[in-house]
Amino acid sequence: MPPRRGRAAHRRDPAQKSPHDRVYLSEGADRVTHTLWLYRAKRIRRIIISGGSGSLREVAHTEAQDIATLLRLAGVPSQDILLEERSRNTRENALYTKQLLAQHPDIKTLVLVTSAFHQRRALGCFAKVGLYPTSFPVDFRTEDRGPRSITYWLPDAAALGRWSHLLHELLGYVTYKVLGYI
Numbered sequence: 090m091p092p093r094r095g096r097a098a099h100r101r102d103p104a105q106k107s108p109h110d111r112v113y114l115s116e117g118a119d120r121v122t123h124t125l126w127l128y129r130a131k132r133i134r135r136i137i138i139s140g141g142s143g144s145l146r147e148v149a150h151t152e153a154q155d156i157a158t159l160l161r162l163a164g165v166p167s168q169d170i171l172l173e174e175r176s177r178n179t180r181e182n183a184l185y186t187k188q189l190l191a192q193h194p195d196i197k198t199l200v201l202v203t204s205a206f207h208q209r210r211a212l213g214c215f216a217k218v219g220l221y222p223t224s225f226p227v228d229f230r231t232e233d234r235g236p237r238s239i240t241y242w243l244p245d246a247a248a249l250g251r252w253s254h255l256l257h258e259l260l261g262y263v264t265y266k267v268l269g270y271i
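For the sequence shown, the working numbering assigns the number 90 to the initial residue and increments by one for each residue that follows.
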């Protein structure tokens, strides 16, 4: 069938998808899948999703809303999902989670699921506000290269990404320490 001309040709077919109707987890997928596993294994009874947008512009959905949508699609009942949508950084995650928990006195224990490289700073922020969750690190950034061969000495573009993560976390930790957030 030939393409339509005129105004009707510019209408989007409702069956087509756009990048804006998806949830992109990128490196955060491990956190979501492990949280879902903990929930299904009955190791946790409720899920607190902490994360605003971090954007200076208004956004259609916060990170917490997007992840909650995925968890509901995976079968987690809405009443077992609590959202903290104001935070823009790790310190605010801890502060606003504490405020949220004040509204839910039935929640006595916490499990903090976050990337392994970020766990130390996150636990420090939570401890600073008086919360002491059990640590459940995920998203480990390690690799098993096996015996060192000639390829060990060759430059690796992925190493730049690992260094970027390392430097971000080190600078974040030092900054948070200096500012008294941990």
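Glycine included, C-beta positions come from ideal geometry on N, C-alpha and C. Since the structure is predicted, the reported quantities are computational estimates derived from the model, not experimental observations.
- Under the Cβ criterion (8 Å, minimum of three pairs), the region 200-208 counts as touching the region 114-124.
- Residues Val218 and Leu220 of the same chain have their beta carbon placed closer than 6 Å to that of lysine 187, with the five preceding and five following residues left out of the count.
- Taking one beta carbon from each stretch, the region 256-263 and the region 158-176 have fewer than 3 pairs nearer than 8 Å; the two do not touch.
- Put simply, of Gly213, Ala216 and Ile138 the residue whose alpha carbon is nearest the alpha carbon of alanine 157 is Ile138.
- Alanine 183 sits away from phenylalanine 225, with the two beta carbons spaced by 7 Å or more.
- In this structure isoleucine 239 is exposed. Its beta-carbon is surrounded by fewer than 16 other beta-carbon atoms within 10 angstroms.
- For leucine 172, the enclosing beta strand (DSSP E) has its first and last residue at 170-173.
- Collapsing the DSSP output to three states places isoleucine 239 in a helix.
- DSSP, reduced to helix, strand and coil, places leucine 220 outside both helices and strands of the structure shown, so it counts as coil.
- Here DSSP, grouped into helix, strand and coil, assigns valine 165 to coil.
- Here DSSP, grouped into helix, strand and coil, assigns serine 176 to coil.
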